[in-house]
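In the working numbering, the protein residues as written are 128 to 217.
Ideal placement from N, C-alpha and C gives every residue a C-beta, glycine not left out.
Only a predicted model underlies this, so the values are computations on that prediction, with no experimental measurement involved.
First up is the structure itself, then whatever we jot down about it.
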Ligand SMILES: [Zn+2]
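So this is what it looks like as structure tokens:
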């Protein structure tokens, strides 16, 4: 385990703000939990993925999942970590 961060202070602030915004606005339609795993489409920016890995450990639930190389085809936008309900594209 390394504590070295792969991202900058600016990115940390921006992404933390984005995540906090998500936590305050996004709610699971089924159970009301705000602990939604976001599925990242396309080629990921690795520092962004690393940031979310660290956040997931800190928070105790997965904030981000990689959705593979192509969007669509059964991949939801988000999955609720509490009840597994999915939301977004079918
Ligand atoms: Zn839910």
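Hey, how far is the Cα of residue i from the Cα of residue j?
i: residue 172; j: residue 205; result: 18 Å
i: residue 161; j: residue 147; result: 10 Å
i: residue 167; j: residue 190; result: 10 Å
i: residue 169; j: residue 149; result: 20 Å
i: residue 210; j: residue 138; result: 31 Å
i: residue 152; j: residue 194; result: 22 Å
Does DSSP classify residue i as helix, strand or coil?
i: residue 214; result: strand
i: residue 209; result: coil
Say yes only if the C-beta of residue i is nearer than 7 Å to one or more non-hydrogen atoms of ligand 1, and no if none qualify.
i: residue 209; result: yes
i: residue 157; result: yes
i: residue 174; result: no
Next on the checklist: Would you call the stretch 177-194 in contact with the stretch 128-147, where contact means no fewer than 3 C-beta pairs closer than 8 Å?
Outcome noted: yes
Checklist entry - If you scan the stretch 169-203 from start to end, which runs of the alpha helix (DSSP H) of 4 or more residues do you find wholly inside it? => result 173-186
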